[in-house]
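Q: Input: one structure, supplied below.
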Amino acid sequence: MKTHISANEATYGPQQYKTFAGALTAFFSEECPQLGGMRTRQVLSSTIISMVNKFYPETSHLKQGQTPWVTTDKNATKSYGKKINQTPLVSVILDLVRAEDIQERKDGKKLRDIKKEAVARMLKQSYKQGGCMTSVELAILLKISPPTVGKYIKEWELEHNEVLPRRGSIHDMGPTLTHKKIIIEKLFIKKLSVQQVSRETYHSFQAIQRYISKFKQVLICYKKGMNINEIAKVIGNTPRLIKEYEAIILEYKDRGFVLEQIINTDAKVDSQYETIVNDLNSQKN
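Residues in the sequence shown are numbered from 55 upward in steps of one, following the numbering used here.
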């Protein structure tokens, strides 16, 4: 019986290695013997195959107008000094062109409005699949300039009072426009909890707390009659940053909000139970 099995193994066993994994293992054995033994080379081959499957999805599954795109992993640790070749990447599928786009062009919709919606759509799709895109990536895909993408993002966020997820805001880096106005509006005017605002604006709990603290500090100084330079010196920030907060304060004043009430209002923090319920509701929506 053993002889029969050995004969089968001798005949058919080699066929098991006539695969991409086998070719990789043979390549490492021949060209990179310093990598280690057979087991090490097999593990390395398996890892490479997993990456190929991840970054080169089958195009037969793509719909017309969709495109695969490699971008930064949204869970990558933020770091100002980290190079892109040290940053984890993921592959995502984006709806670059939709059937609706053709109909909208037929109906006379402006191309800039279609591209503005495409920017928002692809940022959301990327984030949902674990990615975190930049304005430069969107500029390449839509064949427009990065500043134009930035302009579209700003317009869309103001129109929808919603923050779009992108690398500048998620990883807190680059020249991304800060989202003080949207965050403060949700916290103090709409009375949303810190957890809800964190989810809706893609900012960390700690970042939200910093916005709250800084806004109240500027507001208190403003109520005391201090000018921008005085506030900047007391708080330890640039006059430009103080101007941004002052613009928000003046807008609220024009809208009839009582500034003292905002000063005395504590941002709502959900209990653990409320957080779970809100998470479930957001998933349903």
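Each residue gets a CB set at the ideal place from its N, CA and C atoms; glycine is no exception.
If you measure from the beta carbon of glutamine 263 to each beta carbon in chain B, is any gap under 9 Å?
A: Annotation note: the requested chain B is absent from the structure, which comprises a single protein chain.
Q: Quick check on this structure: which residue in Ile266, Ser199 and Lys235 has the alpha carbon closest to the alpha carbon of valine 248?
A: Taking the first residue of the sequence shown as position 1, residue 248 is located at position 194. Closest option to valine 248, Cα to Cα, is Ile266.
Q: Please list, in chain order, all residues of the same chain as isoleucine 168 whose beta carbon is under 8 Å from its beta carbon, the five residues on each side excluded.
A: As a first step, residue 168 must be located in the sequence shown, where it is residue number 114. Correct list, in chain order: Asp155, Glu158 and Arg159.
Q: Is it true that the CB of isoleucine 207 sits closer than 9 Å to the CB of leucine 241?
A: As a first step, residue 241 is located in the sequence shown; it is residue number 187 there, counting from the start. As a first step, residue 207 is located in the sequence shown; it is residue number 153 there, counting from the start. Not a contact, by the Cβ cut-off of 9 Å.
Q: Going by the CB atoms, is the gap between phenylalanine 82 and isoleucine 103 shorter than 9 Å?
A: Within the sequence shown, the letter at position 49 stands for residue 103. Within the sequence shown, the letter at position 28 stands for residue 82. Contact: no.
Q: How many angstroms separate the CA atom of methionine 187 from the CA atom of cysteine 86?
A: Translated into the one-based positions of the sequence shown, residue 187 becomes position 133. Translated into the one-based positions of the sequence shown, residue 86 becomes position 32. Taking the straight line from one Cα to the other gives about 35 Å.
Q: I'd like the ranges of any alpha helix (DSSP H) spanning at least 4 consecutive residues and lying wholly in the region 137-189.
A: 153-160 and 165-182
Q: In whole angstroms, what is the alpha-carbon distance linking arginine 175 and serine 199?
A: Looking up residue 175 in the sequence shown gives position 121. Looking up residue 199 in the sequence shown gives position 145. Near 18 Å, if we compare the C-alpha coordinates of serine 199 and arginine 175.
Q: From the DSSP output, in three-state form, read off aspartate 324 for me.
A: As a first step, residue 324 must be located in the sequence shown, where it is residue number 270. Three-state DSSP puts aspartate 324 in coil, outside helix and strand.
Q: For my contact list, valine 203 and valine 251 are in at a C-beta cut-off of 8 Å; report their separation, rounded to the angstrom.
A: To locate residue 203, count along the sequence shown from 1; it is residue 149. To locate residue 251, count along the sequence shown from 1; it is residue 197. Not a contact, Cβ separation roughly 25 Å.
Q: With 16 as the cutoff for other CB atoms within 10 Å, does lysine 128 come out buried or exposed?
A: For the purposes of this step, residue 128 is taken as residue 74 along the sequence shown, with counting starting at 1. Lysine 128 is buried by the Cβ-count criterion.
Q: Can you find the residues in the same chain that come closer than 8 Å, C-beta to C-beta, to aspartate 324, ignoring five residues on each side of it along the sequence?
A: In the sequence shown, counting from the first residue as 1, residue 324 sits at position 270. Excluding sequence neighbours, aspartate 324 sits near Ser247, Val248, Gln249, Gln250 and Asn332.
Q: If you count every other CB in all the chains shown that lies within 10 Å of the CB of proline 229, and 16 or more means buried, which is it?
A: For this step, residue 229 is matched to residue 175 along the sequence shown. With a pLDDT of 42 at proline 229, under the threshold of 50, the predicted position of this residue should be treated as unreliable, though the coordinate-derived value follows. Under the 10 Å beta carbon count, proline 229 is surrounded by fewer than 16 other beta carbons and is classified as exposed.
Q: Could you round the C-beta distance between valine 34 and threonine 125 to whole angstroms and report it? I think they count as a contact, below 8 Å.
A: Lying before the first or after the last residue shown, residue 34 is absent from the chain, which here runs from 55 to 339.
Q: Tell me where the beta strand (DSSP E) around glutamine 263 begins and ends.
A: Along the sequence shown, read from residue 1 onward, the residue named residue 263 stands at position 209. Per DSSP, glutamine 263 lies in no beta strand (DSSP E); the unbroken alpha helix (DSSP H) holding it starts and ends at 259-277.
Q: Once the 5 residues before and after glutamine 96 are set aside, which same chain residues still bring their CB inside 8 Å of it?
A: For this step, residue 96 is matched to residue 42 along the sequence shown. The answer, listed in chain order, is Ala75 and Thr79.
Q: I need the boundaries of the alpha helix (DSSP H) containing proline 201, first residue and last residue.
A: Sequence index remark: in the sequence shown, residue 201 carries index 147 (1-based). Its alpha helix (DSSP H) spans residues 200-214.
Q: Measuring CA to CA, which of Val217, Gln271, Lys245 and Lys278 is closest to histidine 257?
A: Looking up residue 257 in the sequence shown gives position 203. Of the candidates Val217, Gln271, Lys245 and Lys278, the one whose C-alpha sits nearest the C-alpha of histidine 257 is Val217.
Q: Please classify arginine 220: is it buried, with 16 or more other beta-carbons within 10 angstroms of its beta-carbon, or exposed?
A: Within the sequence shown, residue 220 is the residue found at index 166, counting from 1. Arginine 220 should be labelled buried.
Q: For arginine 253, which residues from the same chain have a beta carbon less than 6 Å from its beta carbon, with the 5 sequence-adjacent residues on both sides left out?
A: Here residue 253 is taken as the residue at index 199 of the sequence shown, counted from 1. Closer than 6 Å at Cβ, skipping near neighbours: no residue.
Q: If you follow the beta strand (DSSP E) that valine 124 is in, where does it begin and where does it stop?
A: For the purposes of this step, residue 124 is taken as the residue at position 70 of the sequence shown. 120-127 is the extent of the beta strand (DSSP E) around valine 124.
Q: Terminal residues of the continuous alpha helix (DSSP H) containing lysine 234?
A: Taking the sequence shown and counting its residues from 1, one reaches residue 234 at position 180. Looking at the DSSP string, the run of the alpha helix (DSSP H) that includes lysine 234 is 234-238.
Q: Is cysteine 186 near the ligand ADP - that is, is its Cβ less than 8 Å away from at least one heavy atom of it?
A: This structure simply doesn't include the ligand ADP, nor any ligand for that matter.
Q: Do tyrosine 299 and isoleucine 243 have their C-beta atoms within less than 9 Å of each other?
A: Position 245 of the sequence shown, counted from the start, is the residue given in the question as residue 299. Position 189 of the sequence shown, counted from the start, is the residue given in the question as residue 243. Going by C-beta atoms, tyrosine 299 is not nearer than 9 Å to isoleucine 243.
Q: Have a look at Leu192, Gly279, Lys278 and Trp210 and flag the residue whose alpha-carbon is nearest the alpha-carbon of threonine 121.
A: Your numbering for residue 121 matches position 67 in the sequence shown. Nearest option by C-alpha distance: Leu192.
Q: To which residues of the same chain is serine 99 closer than 6 Å at the C-beta, ignoring the five residues directly before and after it?
A: On the sequence shown, residue 99 is found 45 positions in, with the first residue counted as 1. Excluding residues up to 5 positions away in sequence, Ala75, Leu78 and Thr79 lie with their Cβ nearer than 6 Å to the Cβ of serine 99 in the same chain.
Q: Taking only three categories from DSSP, how would you classify asparagine 318?
A: Working through the sequence shown from its first residue, we reach residue 318 at position 264. Helix, per DSSP.
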